[in-house]
Amino acid sequence: MNTSRLTEANQHEVIERAVAKLQRPSNATEVFIGEFFHVWQWPQQLYDGSSVTFESLSRPDTVTVLATDEQGQVIVTRQSQPGFQDFWSLPGGVIDGDEAVWAAAKRELLEETGFVSNEWYFLFSSQLNSRIDWANYYLVAKNCRLQAALQPDAGEKISVELMSQEKFVSLLRKAEFRNTDFALWWWQEGEEKIGRI
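In the working numbering, the protein residues as written are 1265 to 1461.
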């Protein structure tokens, strides 16, 4: 693997946040604060000299973990959440407040799977939507070992499955796999970058 192994000393240099696709100017005004989303508006001059109101959202960043156990099997979750269709996903979730990215990844892996790891790497971060400032950070946790029972949030039903790499790669093609940014990254460059998991 060409990525640097994460340490307490290097994590803030190695982990980088993807830049929002739509850059919000300094004169943007926060016009609404919801439970999860913030709405921003600003006047935007167009190429013909006219001006319109542009709008974007922001929301808390998230972490996702590509985790493998000591036998090299990929740790995948099957989840149910209110209002969503059931889905397959890599472990992960929302970064709490000013929580560090790596700390959030460790917490989410433990809560959603019961696994822990001492070998972590940063893969990439992405911004999926041009109108939402929301970075999703992908980290790798290798040689994970089971340490505790699952501790899902009240709005989650989670089961854990250990998959061979071949089965996991076939899952990336399915509509029920939620991490579409990871699937795209995998097919574009990921398989070559990280080699055999």
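Glycine included, every Cβ here is placed at the ideal spot set by N, Cα and C.
C-beta atoms of residue 1384 and residue 1270 nearer than 7 Å
One-based indexing of the sequence shown puts residue 1384 at position 120. One-based indexing of the sequence shown puts residue 1270 at position 6. Cβ atoms of residue 1384 and residue 1270: closer than 7 Å.
If you reduce the DSSP assignment to three classes, tell me which class residue 1380 lands in.
To locate residue 1380, count along the sequence shown from 1; it is residue 116. Correct three-state label for residue 1380: strand.
Beta-carbon proximity of residue 1463 to residue 1391, cut-off 7 Å
Shown here, the chain extends from 1265 to 1461; a query on residue 1463 therefore has no answer.
With DSSP collapsed to three states, give me the class of residue 1406.
Here residue 1406 refers to the residue found at position 142 of the sequence shown. In the structure shown, residue 1406 sits in a strand (DSSP, three-state: E or B).
Report all residues from its chain with a CB closer than 7 Å to the CB of residue 1324; omit the five preceding and five following residues, and keep chain order.
As a first step, residue 1324 must be located in the sequence shown, where it is residue number 60. Excluding residues within five positions, the ones whose Cβ falls inside 7 Å are 1358, 1359.
Is residue 1428 buried or exposed, if buried means 16 or more other CB atoms sit within 10 Å of its CB?
The residue you call residue 1428 lines up with position 164 of the sequence shown. With fewer than 16 Cβ atoms within 10 Å of its Cβ, residue 1428 is classed as exposed.
Taking a contact to mean a Cβ-Cβ separation below 7 Å, would you say residue 1369 touches residue 1403 in this structure?
Here the question's residue 1369 lines up with position 105 in the sequence shown. Here the question's residue 1403 lines up with position 139 in the sequence shown. For residue 1369 and residue 1403, yes; Cβs fall inside 7 Å.
Could you spell out where the alpha helix (DSSP H) holding residue 1449 opens and where it closes?
Here the question's residue 1449 lines up with position 185 in the sequence shown. First-last of the alpha helix (DSSP H) with residue 1449: 1444–1449.
Three-state class that DSSP yields for residue 1265 in the structure shown
If you number the sequence shown from 1, residue 1265 lands on position 1. Its pLDDT being 44, under 50, residue 1265 is placed unreliably in this model, and the value from its coordinates should be taken loosely. Here residue 1265 sits in coil by DSSP.
Terminal residues of the beta strand (DSSP E) in which residue 1321 lies:
As a working mapping, residue 1321 is identified with position 57 in the sequence shown. From DSSP, the beta strand (DSSP E) with residue 1321 extends over 1315–1322.
Taking just the CA atoms, how far does residue 1387 sit from residue 1295?
Position 31 of the sequence shown, counted from the start, is the residue given in the question as residue 1295. Position 123 of the sequence shown, counted from the start, is the residue given in the question as residue 1387. If you take the alpha carbons of residue 1295 and residue 1387, they lie about 34 Å apart.
Counting C-beta neighbours from all protein chains within 10 Å, is the total for residue 1446 16 or more, i.e. buried, or is it exposed?
The sequence position of residue 1446 within the sequence shown is 182, counting from 1. Label assigned to residue 1446: buried.
Looking at the structure shown, is residue 1426 part of a helix, part of a strand, or coil, going by DSSP?
By 1-based counting over the sequence shown, the position of residue 1426 is 162. Note: residue 1426 maps to strand in three-state DSSP.
Would you identify the three-state DSSP class for residue 1431, choosing helix, strand or coil?
Walking along the sequence shown from the start, residue 1431 turns up at place 167. In this structure, residue 1431 counts as helix in the three-state DSSP scheme.
Nearest to residue 1417 (by Cα), restricted to the options 1313, 1345, 1452:
Position 153 of the sequence shown, counted from the first residue, corresponds to residue 1417. Taking only the C-alpha atoms, the option nearest residue 1417 is 1345.
Which one or two residues does DSSP pair with residue 1357 in a beta bridge?
By 1-based counting over the sequence shown, the position of residue 1357 is 93. Note: residue 1357 sits in a beta bridge opposite 1327.
Give the DSSP bridge partners of residue 1343, in chain order.
As a working mapping, residue 1343 is identified with position 79 in the sequence shown. According to DSSP, residue 1343 bridges with 1351, 1422.
Could you tell me the alpha carbon to alpha carbon distance between residue 1354 and residue 1419, rounded to whole angstroms?
Taking the sequence shown and counting its residues from 1, one reaches residue 1354 at position 90. Taking the sequence shown and counting its residues from 1, one reaches residue 1419 at position 155. Residue 1354 and residue 1419: Cα-Cα distance of roughly 17 Å.
Boundaries (first-last residue) of the beta strand (DSSP E) holding residue 1478
As shown, the chain starts at 1265 and ends at 1461. That puts residue 1478 outside it, with no answer to give.
Using only the alpha-carbon positions, how far apart do residue 1336 and residue 1397 sit?
Locating residue 1336 in the sequence shown gives position 72, where the first residue counts as 1. Locating residue 1397 in the sequence shown gives position 133, where the first residue counts as 1. Cα-Cα distance, rounded: 34 Å.
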